[in-house]
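In my numbering, the protein residues as written are 11 to 621.
Idealized CB from N, CA, C, for every residue including glycine.
Okay, so here's the structure we're looking at.
Rendered as structure tokens:
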């Protein structure tokens with residue numbers, strides 16, 4: 011039988027895809043000047059770094075921490091051992107790190123460190139370096155750190171590396187000594203085991219010297235396009251140098267918290283106009299098998315950026331680079347590294363996801379180690395919406411896959427709460443479903459609770475209020491409260507801090523003369539408001555809306571051409587809810603949440619059909 015909710019979609023009713031004022035807020039500031047000398051034969055390089063660090067915190071700092079990410083790619087590292095002992099290792103990693111030879115491993119070895127010109131003591135353990143300061147940094151003061159280091163680019167295994175599976179020479183991500191973030195929670199000097207990153211905003215001034223036949227793409231604005239050429243020359247400019255020897259590339263990147271680049275001697279470099287004057291750069295191997303897809307990707311990327319600008323807020327930089335490199339798809343400042351040998355739909359899809367990270371991971375920049383679901387989940391939500399629009403997929407619920415994954419995990423007995431540190435999940439599967447799927451459902455389901463228009467307004471205000479501020483989950487839910495007028499702390503608590511599940515059911519439907527008595531029950535521990543859709547025997551339909559008492563609000567009718575009756579609110583502690591339909595009509599069927607936006611773990615008891 012075709013239930014009435016199918017009719018709702020067929021008749022064109024659908025959810026729109028558009029969807030702290032902290033007086034004591036502060037954040038640290040870094041300004042990097044780095045110079046790199048790359049040897050493409052040995053994949054070794056030397057680097058120098060001058061870092062001005064400004065302590066905007068109310069605390070006196072006696073030490074600082076740096077990340078040395080390349081040290082993870084050595085036999086016996088934490089990343090190696092974790093991959094060999096977790097129940098479902100990443101297929102890209104497995105035991106590959108343990109088998110690296112001395113010429114294939116990665117490392118960053120500081121050879122000099124000074125604070126304001128005076129040598130300081132440091133200790134390295136794995137991928138983290140601790141520096142005990144000669145002079146504490148007082149609140150409001152700045153200091154200058156200088157470092158020299160030797161490094162080797164590891165064989166491509168995870169995110170960074172050389173000689174990728176698609177023969178990209180250099181994917182230079184997590185490649186430099188990076189100062190750890192210090193915020194209201196203290197230092198975030200997490201070892202690099204598997205997951206993602208958290209960084210300090212600042213300005214980067216980077217020069218890279220490399221063989222002249224290599225093209226570089228990545229973060230920042232190239233300052234010497236006429237000197238290096240390689241597709242960067244501006245209209246009317248001439249390439250100043252012949253193609254021999256080495257070039258030094260000079261990039262500036264303002265207001266970013268990371269710097270990434272890739273280089274290859276077979277890159278094609280195309281540019282394409284993006285919205286609002288943004289220049290889109292595309293770097294891909296000179297391979298006839300992929301060239302057409304990469305050409306067709308360019309206007310789609312511009313469409314995707316326009317969609318995100320409209321649905322979240324304006325992209326704040328002047329360029330964005332899509333680069334063939336890495337081991338899948340990974341976002342960085344003003345750029346992404348993606349594998350390029352894909353079907354066209356997959357190529358657009360991975361670009362949509364990684365580009366969307368520019369808003370959530372790079373401009374909002376929640377701590378991904380602690381709140382990975384706010385980055386990956388929100389990105390999954392908006393990129394699914396974008397693909398549905400840009401690729402004209404016309405899915406009634408573009409997030410159905412996220413719901414399926416979440417429901418699988420919620421009923422598996424292996425779910426962990428979203429408050430789990432990203433490195434401490436029992437399995438890669440549970441991390442992936444939580445970060446991507448449950449995080450995406452958080453937003454879609456919030457639209458069910460407060461209405462899709464309020465969700466759309468919430469996303470835009472959240473971005474406007476918290477860009478460049480490292481927001482927390484509470485910042486987001488407070489934004490949603492301000493937009494909607496609802497009380498929503500219960501939603502953040504149950505969904506993110508527990509593994510409580512949603513399970514509501516239609517317990518009984520009884521005819522009582524001209525009236526119908528309906529009894530609903532709450533079986534799961536997590537509270538929710540209820541949309542109950544009723545079809546009568548005469549073919550008419552009606553929506554009964556039962557607000558949740560603790561949310562102190564009523565969402566707008568999501569389907570304006572469907573009559574809605576607002577009933578008395580339901581207090582969570584009451585396991586059952588009884589009401590009567592008194593319009594004299596006979597009920598044919600009814601269903602809780604016909605839109606399937608509420609993540610009910612047992613939807614079989616959501617449907618009543620008159621026998």
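Cβ of residue i within 7 Å of any chain C Cβ
| i | result |
| --- | --- |
| residue 598 | Of the chains in the structure shown, none is chain C; there is only one protein chain. |
Residues near residue i in its chain [Cβ-Cβ closer than 8 Å; skip 5 each side]
| i | result |
| --- | --- |
| residue 148 | 65, 70 |
| residue 22 | For residue 22, the pLDDT reaches just 35, beneath the cut-off of 50, and the residue's location in the model is therefore unreliable, leaving the point undetermined. |
| residue 574 | 552, 553, 554, 555, 567 |
| residue 398 | 27, 404, 405, 408 |
| residue 235 | 242, 243, 244, 247 |
7 Å Cβ cutoff met for residue i and residue j
| i | j | result |
| --- | --- | --- |
| residue 195 | residue 210 | no |
| residue 343 | residue 229 | yes |
| residue 452 | residue 387 | yes |
| residue 39 | residue 150 | no |
| residue 219 | residue 256 | yes |
| residue 609 | residue 426 | no |
| residue 351 | residue 300 | yes |
| residue 162 | residue 116 | yes |
| residue 622 | residue 208 | Since the displayed the chain opens at 11 and closes at 621, residue 622 lies outside it and no answer follows. |
| residue 545 | residue 599 | yes |
| residue 102 | residue 168 | yes |
| residue 485 | residue 536 | no |
| residue 264 | residue 374 | no |
| residue 227 | residue 118 | no |
| residue 78 | residue 124 | no |
| residue 62 | residue 154 | yes |
| residue 511 | residue 436 | no |
Residue i to residue j span [Cα, whole Å]
| i | j | result |
| --- | --- | --- |
| residue 464 | residue 144 | 52 Å |
| residue 362 | residue 318 | 9 Å |
| residue 179 | residue 206 | 23 Å |
| residue 3 | residue 498 | Since the displayed the chain opens at 11 and closes at 621, residue 3 lies outside it and no answer follows. |
| residue 527 | residue 517 | 11 Å |
| residue 183 | residue 502 | 33 Å |
| residue 348 | residue 295 | 12 Å |
| residue 602 | residue 540 | 7 Å |
| residue 44 | residue 447 | 38 Å |
| residue 613 | residue 515 | 8 Å |
| residue 238 | residue 438 | 42 Å |
| residue 152 | residue 74 | 13 Å |
| residue 134 | residue 140 | 6 Å |
| residue 287 | residue 483 | 33 Å |
| residue 424 | residue 121 | 46 Å |
| residue 558 | residue 449 | 22 Å |
| residue 53 | residue 114 | 9 Å |
| residue 569 | residue 580 | 22 Å |
Identity of the residues DSSP links to residue i by a beta bridge
| i | result |
| --- | --- |
| residue 192 | 197 |
| residue 172 | 165, 180 |
| residue 154 | 62 |
| residue 515 | 531 |
| residue 228 | 271 |
| residue 576 | 555 |
| residue 119 | 160 |
| residue 47 | 56, 219 |
| residue 213 | 41 |
| residue 617 | 601 |
| residue 260 | 217 |
| residue 543 | 553, 601 |
| residue 142 | 73, 131 |
| residue 266 | 212 |
Beta-carbon proximity list for residue i, same chain, < 7 Å, skipping 5 on both sides
| i | result |
| --- | --- |
| residue 322 | 369, 392, 469, 470, 473 |
| residue 429 | 506, 507 |
Neighbourhood of residue i by C-beta distance below 6 Å, restricted to the same chain and skipping five residues each side
| i | result |
| --- | --- |
| residue 394 | 408, 409 |
| residue 415 | 443, 447 |
| residue 8 | An answer regarding residue 8 cannot be provided, because it is not within the stretch 11 to 621 covered by the chain. |
| residue 13 | Reliability fails at residue 13, whose pLDDT of 34 lies under 50, so the model's placement of it is uncertain and the value that follows must be treated cautiously. Excluding sequence neighbours, residue 13 sits near nothing in its chain. |
| residue 590 | 525, 527 |
| residue 284 | 290, 312, 315 |
| residue 335 | 178, 181, 272, 347 |
| residue 619 | 599 |
| residue 495 | 563 |
| residue 224 | 273, 275 |
| residue 46 | 55, 57, 218 |
Residue i: CB within 6 Å of a non-hydrogen atom of the ligand ATP
| i | result |
| --- | --- |
| residue 206 | No copy of the ligand ATP appears in this structure; indeed no ligand is present at all. |
Within the stretch 332–377, ranges of the alpha helix (DSSP H) (whole runs, at least 4 residues): Qualifying alpha helix (DSSP H) stretches, in chain order: 354–367.
task: Could you name each continuous alpha helix (DSSP H) segment of 4 residues or more that falls completely within the stretch 463–512, going from the start of the chain to the end?
output: List check, alpha helix (DSSP H) in window: 483–494, 499–507.
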